[in-house]
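Notes for the one structure printed next.
See the structure below:
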């Protein structure tokens with residue numbers, strides 16, 4: 001991620017966090033509408049980018065595996081093949097669970113998952129033909145580590161804060177807890193509002209900017225890739241507030257955690273000294 005863009009994003013998120021510090025409750029009271037279709041859609045599928053990113057990461061490792069070492073090649077084929085399919089199917093499976101689909105709906109989703117998996121696999125194969133194995137593995141590790149490192153951080157933070165969600169305090173707003181107050185020991189998911197998991201996983205769509213590293217046709221379209229990622233996470237952030245599942249500070253911090261870890265992993269794993277003279281090379285190595 002471009003260092004300047006990261007600094008600007010940090011500044012914007014800091015302003016949003018400041019707004020949430022003083023107006024979290026009022027913003028949620030004004031926007032709350034759990035029946036809103038926009039909010040429901042991003043409740044169902046807002047987390048998809050994180051899981052699809054992991055799936056694609058395993059696909060890249062699959063394509064970059066050392067075929068001259070037969071036992072290792074077969075082992076990676078099995079592990080990466082299974083993991084990539086599971087994480088490709090998860091977003092749709094979770095979405096249908098949230099929607100309460102029956103057996104026929106689940107079968108239809110499985111068919112869609114297979115099609116999605118094959119399309120992603122085809123894309124990974126084409127990308128592999130344009131890049132060396134080392135590049136594929138570095139970017140794959142960035143995707144996979146991003147998902148699991150952020151997940152661990154969020155799990156720890158949610159249990160440390162124990163913040164009640166907005167919908168759980170509708171009968172008594174005096175139970176509202178600001179984001180800077182640590183309550184700890186959450187009884188259940190109702191008390192795991194801070195930080196937002198949906199926002200953090202939605203923000204993982206930022207990983208698509210690395211496509212510009214692997215696909216020559218996208219090297220000069222980093223602005224478009226950034227725009228797509230930012231638009232998605234903004235929708236997820238807004239939708240989660242409308243649904244009453246999170247406050248502004250929750251989604252802001254969840255998003256920042258993902259951007260921070262992605263920035264660090266990109267600098268550590270994706271830095272390409274030979275590409276520093278190119279526009280995109282300068283962008284990812286700052």
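Residue numbers (UniProt numbering): 1 to 286.
All C-beta atoms in this analysis are idealised placements derived from N, C-alpha and C, irrespective of residue type, glycine included.
Taking 7 Å as the cut-off, decide whether the C-beta atoms of residue i and residue j are in contact.
i           : j           : result
residue 143 : residue 57  : yes
residue 16  : residue 174 : no
residue 149 : residue 261 : yes
residue 222 : residue 209 : yes
residue 55  : residue 73  : no
residue 269 : residue 138 : yes
residue 18  : residue 176 : no
residue 168 : residue 246 : no
residue 115 : residue 214 : no
residue 111 : residue 89  : no
residue 38  : residue 239 : yes
residue 95  : residue 44  : yes
residue 166 : residue 244 : yes
residue 13  : residue 256 : yes
residue 160 : residue 182 : yes
Looking only at its chain, what residues have a beta carbon closer than 7 Å to the beta carbon of residue i, apart from the 5 residues adjacent to it on each side?
i           : result
residue 204 : 49, 50, 53, 146, 147, 258
residue 236 : 42, 46, 198, 199, 202
residue 93  : 109
residue 36  : 242
residue 121 : 59
residue 283 : Only weak support is given to the placement of residue 283: the predicted model assigns it a pLDDT of 48, under 50, and the value that follows is read from those uncertain coordinates. Within the same chain, residue 283 has close Cβ partners 2, 222.
residue 66  : 72, 73
Buried or exposed: which applies to residue i, given that a residue is buried once 16 or more other Cβ atoms fall within 10 Å of its Cβ?
i           : result
residue 233 : buried
residue 107 : exposed
residue 63  : buried
residue 164 : buried
residue 227 : exposed
residue 124 : buried
residue 266 : buried
residue 68  : exposed
residue 154 : buried
residue 104 : exposed
residue 140 : buried
residue 184 : exposed
residue 87  : buried
residue 118 : exposed
residue 91  : buried
Within the same chain, show all residues whose beta-carbon is closer than 6 Å to that of residue i, passing over the 5 residues directly before and after it, in chain order.
i           : result
residue 33  : 242
residue 27  : 248
residue 263 : 1, 6
residue 191 : 162, 164
residue 218 : 211, 212
So, for residue i: in the same chain, excluding its five sequence neighbours on each side, which residues have a beta-carbon less than 8 Å away from its beta-carbon?
i          : result
residue 21 : 178, 179, 180, 249
residue 80 : 58, 59, 61, 62, 65
### Message
My parser needs the beta strand (DSSP E) runs of 3 or more residues fully inside the region 7 to 83; what are they?
### Response
none
### Task
Give, in chain order, every unbroken run of the alpha helix (DSSP H) that is at least 4 residues long and sits entirely within the region 132 to 177.
133 to 161
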